[in-house]
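Novice: Numbering (full-length UniProt numbering), first residue to last: 1 to 537. Attaching a single structure in structure tokens format; questions to follow.
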Amino acid sequence: MDIIGHLARTVTPAVLADNHNPQNESLLKQFYALFIAKLADQESFTRVGSQEIHRDDLGLFDRLWTDEGQKNHIAEELAAHNNVDTISVKGLIASAAPLAFNEIKSLAGSVPIPQFLRDNLESYRNHIPTWATSVLPAGLLGLGASAAGAHAAHATTTNTTATPAGHRISDTTSTEPLVREEKESGGFLKALLPIIGLIILAALAWALLKGCQKDPAPVATPEQTVQQPAEPAVTGNTALAPAVLSLATGEGNELFACRINAGNEELSNTVMTAVKDVFGTGGDNCRADIDDGFATDMPAAPHLAAILPLIKNTPNANVIIEGNDVRIDAPDQAQLDKLVADIKAAAPELNVVATGPVDFDAEVKQSIADATTAMDNLGENPDPKDVARALSLQVINFAVDKTDIPAENQAVLDRAVEVMKQVPDMQLLILGHTDSDGDDAYNKDLSQRRAEAVKAYLVSKGADAAKLMTKGMGETDPIATNETENGKFRNRRIEFTVYDESVAGMDTPITVTPSDSADIKAPTAEATTEPQADTAQ
1 MDIIGHLART VTPAVLADNH NPQNESLLKQ FYALFIAKLA DQESFTRVGS QEIHRDDLGL
61 FDRLWTDEGQ KNHIAEELAA HNNVDTISVK GLIASAAPLA FNEIKSLAGS VPIPQFLRDN
121 LESYRNHIPT WATSVLPAGL LGLGASAAGA HAAHATTTNT TATPAGHRIS DTTSTEPLVR
181 EEKESGGFLK ALLPIIGLII LAALAWALLK GCQKDPAPVA TPEQTVQQPA EPAVTGNTAL
241 APAVLSLATG EGNELFACRI NAGNEELSNT VMTAVKDVFG TGGDNCRADI DDGFATDMPA
301 APHLAAILPL IKNTPNANVI IEGNDVRIDA PDQAQLDKLV ADIKAAAPEL NVVATGPVDF
361 DAEVKQSIAD ATTAMDNLGE NPDPKDVARA LSLQVINFAV DKTDIPAENQ AVLDRAVEVM
421 KQVPDMQLLI LGHTDSDGDD AYNKDLSQRR AEAVKAYLVS KGADAAKLMT KGMGETDPIA
481 TNETENGKFR NRRIEFTVYD ESVAGMDTPI TVTPSDSADI KAPTAEATTE PQADTAQ
């Protein structure tokens, strides 16, 4: 049985959610091997085995490894070998431990977990990193569960070269022993299945014969069947993006920035009301994007009354509530740790983690993948707002003080040009944003030049210049606090919105009022020469 492969298929998606990348997946596989080996030790298992482990028991890892030095060593080594920050590693393994425990318990069935894991030693031995011997019981990896277990392990070892455990995918059904037991106890139902099948076939044959005897008019029925492929398109859209509440506090605990993505007015109003109840009139600056592409429920919504005051009491905090995940960032480590702990206590079923240092390359790659997926899902004759959202997903990580479009972003922009040709009446406004580093006027100029550079690239690929407007916002429209590197990274961005909706003041990332609409430009040339200053990004 390939236990590691099973956990990678069942636990990893639940832990990573939308944060899938090779580094995180690799470190979780290594952690699963460590976790399994630790549970295979009877003494270690006894510390947790007598308790009921809930899926949100984030303290399981700490109870299994009681030595602080070993816990830190595990997190640091997993971080170093997978290019992931230590804080993120601690959050991932804390979330993965209870989920993995319950999956292993299910796989073991009636067999004691330590014995089950020792009997299947060869399925995870090779996944254990060489540095991990110091955090596992001495001699554990060389022992079987019993004489019979040792014999089975030896037999497995002799065949490992020919058929590695990791390759026996067909043997790794998540609850294979349980399924077999259910089939044995369901013999009567199994015997009825052929009879039920014959009855269904007879009914279908009778219905078909009866239909053939009617007036030829029902020939229209196949036309309805032919039209049904339209339904899968609707079904495909059921994979909705999670509803999101993104907010940031200022130095004085005021609401510094706030965005809501919701699938309907009801959810948007619920979240907006909760924000205003805590932040008062500051909530008036909270902007909502309501679209049926977003979910109409938010798992955190019932807890907002308890969560938002905690956030308000933490200065310069960035918080993103997305689906079941709550990601938090703040410049003061002690305040950050306290906020994470407090929100976990207020909403234990949510996955609350502190955001680690920015991995720029990983963030950019993930954003491009997200934008590409969104572009793939647009279909024919797409809604201009959906096009704008898809384009806004990608991070265009300009070099400091530069306007050159990075090569990795060009493929998405090339796709955008082809989509624009399908929607000839669509007019887009390209908005440039910076963080707060540097002079205000310089930042506004830099953001304008970057927006113009994006437009120039699109035009060079065949886009209609008359359908593209640009505006540099500088640092005036942040989506996060600028007191952390994560916040600055998020604020340095290019956004797209539908131009006619912007002028009308509709629910879009930016509302352009008559007083500043004169600043909107539609240049036809590349951006101007770079200034010498090197103070803004």
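Glycine is no exception: its CB is placed at the ideal position from the N, C-alpha and C atoms.
Going by DSSP, name the residue or residues bridged to residue 328.
Specialist: By 1-based counting over the sequence shown, the position of residue 328 is 328. 319, 354, per the DSSP bridge assignment.
Novice: Measuring CA to CA, which of 310, 308, 423 is closest to residue 380?
Specialist: Taking the sequence shown and counting its residues from 1, the one referred to as residue 380 is at position 380. It is 423 whose Cα lies nearest to the Cα of residue 380.
Novice: Could you tell me the alpha carbon to alpha carbon distance between residue 84 and residue 113, rounded to whole angstroms?
Specialist: Working through the sequence shown from its first residue, we reach residue 84 at position 84. Working through the sequence shown from its first residue, we reach residue 113 at position 113. Distance between the alpha carbons of residue 84 and residue 113 is about 31 Å.
Novice: In or out: residue 427 buried (at least 16 other Cβ within 10 Å) or exposed?
Specialist: By one-based count along the sequence shown, residue 427 stands at place 427. Per the 10 Å Cβ criterion, buried.
Novice: So, for residue 308: in the same chain, excluding its five sequence neighbours on each side, which residues have a beta-carbon less than 7 Å away from its beta-carbon?
Specialist: Within the sequence shown, numbered from 1, the residue matching residue 308 stands at position 308. Once the five neighbours on either side are set aside, the close Cβ partners of residue 308 are 274, 275, 278.
Novice: Tell me which same chain residues have a C-beta within less than 7 Å of the C-beta of residue 397, skipping the five on either side of it?
Specialist: As a first step, residue 397 is located in the sequence shown; it is residue number 397 there, counting from the start. Result list for residue 397: 360, 364, 406, in chain order.
Novice: State yes or no: is the C-beta of residue 321 within less than 7 Å of the C-beta of residue 340?
Specialist: One-based indexing of the sequence shown puts residue 321 at position 321. One-based indexing of the sequence shown puts residue 340 at position 340. No.
Novice: Does the separation of the CB atoms of residue 354 and residue 87 fall below 7 Å?
Specialist: Sequence index remark: in the sequence shown, residue 354 carries index 354 (1-based). Sequence index remark: in the sequence shown, residue 87 carries index 87 (1-based). Cβ atoms of residue 354 and residue 87: closer than 7 Å.
Novice: State the Cα-Cα distance for the pair residue 34 and residue 96, rounded to the nearest angstrom.
Specialist: Here the question's residue 34 lines up with position 34 in the sequence shown. Here the question's residue 96 lines up with position 96 in the sequence shown. Going by the C-alpha atoms only, they are around 12 Å apart.
Novice: Where does residue 415 sit, in a helix, a strand or coil, going by DSSP?
Specialist: As a position in the sequence shown, residue 415 is number 415, starting the count at 1. Note: residue 415 maps to helix in three-state DSSP.
Novice: Classify residue 257 as helix, strand or coil using the three-state DSSP reduction.
Specialist: Your numbering for residue 257 matches position 257 in the sequence shown. Note: residue 257 maps to strand in three-state DSSP.
Novice: For residue 498, which residues of its own chain have a beta-carbon under 6 Å away from its beta-carbon, when the five flanking residues on both sides are left out?
Specialist: Residue numbering aside, residue 498 sits at position 498 when the sequence shown is read from its first letter. Counting only Cβ-Cβ distances below 6 Å, and skipping sequence neighbours, we find 384, 385, 388.
Novice: State buried or exposed for residue 98, treating a residue as buried only when at least 16 other CB atoms are found within 10 Å of its CB.
Specialist: Translated into positions along the sequence shown, residue 98 becomes position 98. With 16 or more other Cβ atoms within 10 Å, it is buried.
Novice: In terms of residue numbering, what span does the alpha helix (DSSP H) encompassing residue 39 cover?
Specialist: Your numbering for residue 39 matches position 39 in the sequence shown. Start and end: 22-40.
Novice: The alpha helix (DSSP H) with residue 389 in it runs from where to where?
Specialist: The sequence position of residue 389 within the sequence shown is 389, counting from 1. Residues 384-393.
Novice: Can you check the stretch 403-450 for any alpha helix (DSSP H) of at least 4 residues that lies completely inside it and give the ranges in chain order?
Specialist: For the stretch 403-450, whole alpha helix (DSSP H) runs of length 4 or above, ordered along the chain, are 407-422.
Novice: Between the Cα of residue 2 and the Cα atoms of 120, 62, 110, 78, which residue gives the shortest distance?
Specialist: Translated into positions along the sequence shown, residue 2 becomes position 2. Residue 120 is the option with its Cα nearest to residue 2.
Novice: Taking residue 478 as the reference, give the member of 137, 467, 494 with the closest Cα.
Specialist: Counting from 1 along the sequence shown, the entry for residue 478 is found at position 478. Of 137, 467, 494, the residue nearest in Cα terms is 494.
Novice: By how many angstroms is the C-alpha of residue 131 removed from the C-alpha of residue 26?
Specialist: Residue numbering aside, residue 26 sits at position 26 when the sequence shown is read from its first letter. Residue numbering aside, residue 131 sits at position 131 when the sequence shown is read from its first letter. Each residue's Cα considered, the two are about 15 Å apart.
Novice: For chain B, check one thing: does any of its Cβ atoms lie closer than 7 Å to the Cβ of residue 113?
Specialist: Looking for chain B here will not work: only one protein chain is present.
Novice: Do you know how far the Cα of residue 110 is from the Cα of residue 345?
Specialist: Taking the sequence shown and counting its residues from 1, one reaches residue 345 at position 345. Taking the sequence shown and counting its residues from 1, one reaches residue 110 at position 110. Taking the straight line joining both Cα atoms gives about 34 Å.
Novice: Count the CB pairs spanning the stretch 284-303 and the stretch 264-271 that are closer than 8 Å, and state whether there are at least three.
Specialist: Taking 8 Å as the limit for Cβ pairs, the verdict is that the stretch 264-271 does touch the stretch 284-303.
Novice: Can you tell which of 68, 115, 436, 411 has its C-alpha closest to the C-alpha of residue 42?
Specialist: As a working note, residue 42 is residue 42 in the sequence shown. Ranking 68, 115, 436, 411 by Cα distance to residue 42 puts 115 first.
Novice: Where does the unbroken beta strand (DSSP E) through residue 117 begin, and where does it stop?
Specialist: Here residue 117 refers to the residue found at position 117 of the sequence shown. Note, residue 117: premise wrong, no beta strand (DSSP E); alpha helix (DSSP H) at 113-119.
Novice: Short of 7 Å in beta carbon distance, which residues of its chain neighbour residue 288, apart from the five on each side in sequence? Order them along the chain.
Specialist: Position 288 of the sequence shown, counted from the first residue, corresponds to residue 288. 260, 262, 268, 272, 507, listed in sequence order.
Novice: For residue 538, which three-state DSSP category applies?
Specialist: It is not possible to answer for residue 538, since the shown part of the chain is limited to 1 through 537.
Novice: According to DSSP, is residue 240 part of a helix, a strand, or is it coil?
Specialist: Taking the first residue of the sequence shown as position 1, residue 240 is located at position 240. Coil, per DSSP.
Novice: Tell me which same chain residues have a C-beta within less than 6 Å of the C-beta of residue 137, skipping the five on either side of it?
Specialist: Taking the first residue of the sequence shown as position 1, residue 137 is located at position 137. Answer for residue 137: 41, listed in chain order.
Novice: When the Cα atoms are used, what is the spatial distance from residue 453 to residue 245?
Specialist: Here residue 453 refers to the residue found at position 453 when the sequence shown is read from its first residue. Here residue 245 refers to the residue found at position 245 when the sequence shown is read from its first residue. For residue 453 and residue 245, the distance between alpha carbons rounds to 31 Å.
Novice: Please work out which residues of its chain come closer than 6 Å, Cβ to Cβ, to residue 392, disregarding the five sequence neighbours upstream and downstream, and give them in chain order.
Specialist: For the purposes of this step, residue 392 is taken as the residue at position 392 of the sequence shown. Excluding residues within five positions, the ones whose Cβ falls inside 6 Å are 495, 496.
Novice: In or out: residue 46 buried (at least 16 other Cβ within 10 Å) or exposed?
Specialist: Taking the first residue of the sequence shown as 1, we reach residue 46 at position 46. The residue in question, residue 46, is exposed, as its Cβ has fewer than 16 Cβ neighbours within 10 Å.
Novice: Return the bridge partner residues of residue 495 from the DSSP annotation.
Specialist: Reading the sequence shown from its first residue, position 495 is the one you call residue 495. Residue 495 pairs with 431.
Novice: Work out the CA separation of residue 249 and residue 282 for me, nearest whole Å.
Specialist: Within the sequence shown, the letter at position 282 stands for residue 282. Within the sequence shown, the letter at position 249 stands for residue 249. Each residue's Cα considered, the two are about 10 Å apart.
Novice: Helix, strand or coil: how does DSSP classify residue 262 here?
Specialist: The residue you call residue 262 lines up with position 262 of the sequence shown. In this structure, residue 262 counts as strand in the three-state DSSP scheme.
Novice: Exposed or buried, which one is residue 481 when buried takes at least 16 other CB atoms within 10 Å?
Specialist: Reading the sequence shown from its first residue, position 481 is the one you call residue 481. Looking at its Cβ environment, which holds 16 or more other Cβ atoms inside 10 Å, residue 481 is buried.
Novice: What separation, rounded to the nearest whole angstrom, lies between the Cα atoms of residue 80 and residue 61?
Specialist: Stepping through the sequence shown from its first residue, residue 80 is reached at position 80. Stepping through the sequence shown from its first residue, residue 61 is reached at position 61. The straight-line gap from Cα to Cα measures roughly 19 Å.
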